[in-house]
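Below you'll find the structure, written out as structure tokens, and then a few comments.
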Amino acid sequence: MTTTKQQLAMVHIAKKQLALTDEDYRAILVRLTGKDSSRDCSTEDLDRVLGEFKRLGWTPKAKPNAFSDRPYVRKIYALWNEAGRVGAVENASKEALRAFTARQTGKAAPEFLTPVQANSVSEALKAMIARRG
Numbered sequence: 001m002t003t004t005k006q007q008l009a010m011v012h013i014a015k016k017q018l019a020l021t022d023e024d025y026r027a028i029l030v031r032l033t034g035k036d037s038s039r040d041c042s043t044e045d046l047d048r049v050l051g052e053f054k055r056l057g058w059t060p061k062a063k064p065n066a067f068s069d070r071p072y073v074r075k076i077y078a079l080w081n082e083a084g085r086v087g088a089v090e091n092a093s094k095e096a097l098r099a100f101t102a103r104q105t106g107k108a109a110p111e112f113l114t115p116v117q118a119n120s121v122s123e124a125l126k127a128m129i130a131r132r133g
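At position 82 of the sequence shown the residue is numbered 82 (full-length UniProt numbering), and the sequence of numbers has no breaks.
Right, dumping it as structure tokens:
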């Protein structure tokens, strides 16, 4: 079986987070797999290595909060939070933002908006904030 890039990445992230020296890391690899490079390991080998890292105290981090890589979506979330802070909206939850977005554009969430639709939502939020602020 071939290894997945995700497994290799997790092994190297765990190595870094556990602050293992290269010597210690390779000793663990050899002890568990008989190989001195993670590149040569099978998926089962890497599962054993990851299990050992967990035993040593490493905990895989959950995926980061799914913030969009599109600035206009992040801006909508920031404006929504500001609207909640100044009292322009009663419920500043993500679910409430999704409902607001659906009413304004017909799209279920800010992540699905085009830049033009996002601008419309942003301007509406700015107006709400200005009325309260």
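Beta carbons are placed, not taken as given, at the ideal position from N, Cα and C, and that holds for glycine. Since this is a predicted model, take the numbers as computed values, not measurements.
About 11 Å separates the Cβ atoms of Arg55 and Leu32, ruling out a contact at the 8 Å cut-off. Approximately 6 Å separates the beta-carbon atoms of Val73 and Glu111; this is inside 8 Å, confirming the contact. Within the model, the alpha-carbon separation for Leu125 versus Arg98 is close to 13 Å. Every alpha helix (DSSP H) stretch that sits fully inside the region 33-74 and reaches 4 residues is listed by chain position as 43-55.
Only residues of its own chain outside the window of five on either side were considered, and among them Ile28 and Leu32 have a CB closer than 8 Å to the CB of Glu52, listed in chain order. Assigned with DSSP and collapsed to three states, Glu95 falls in helix.
Of the candidates Val116, Ser38, Val89 and Met128, the residue whose Cα lies closest to the Cα of Lys5 is Ser38.
The distance from the Cβ of Ala14 to that of Trp58 is about 5 Å, consistent with a contact at the 8 Å cut-off. For Ala19, the secondary structure class from DSSP, reduced to helix, strand or coil, is coil. Put simply, of Thr43, Ala102, Leu20 and Gln104 the residue whose alpha carbon is nearest the alpha carbon of Leu8 is Thr43. A straight-line Cα-Cα distance of about 9 Å links Gly106 and Leu113. Annotation: Ala78 to Glu23 spans about 45 Å, alpha carbon to alpha carbon.
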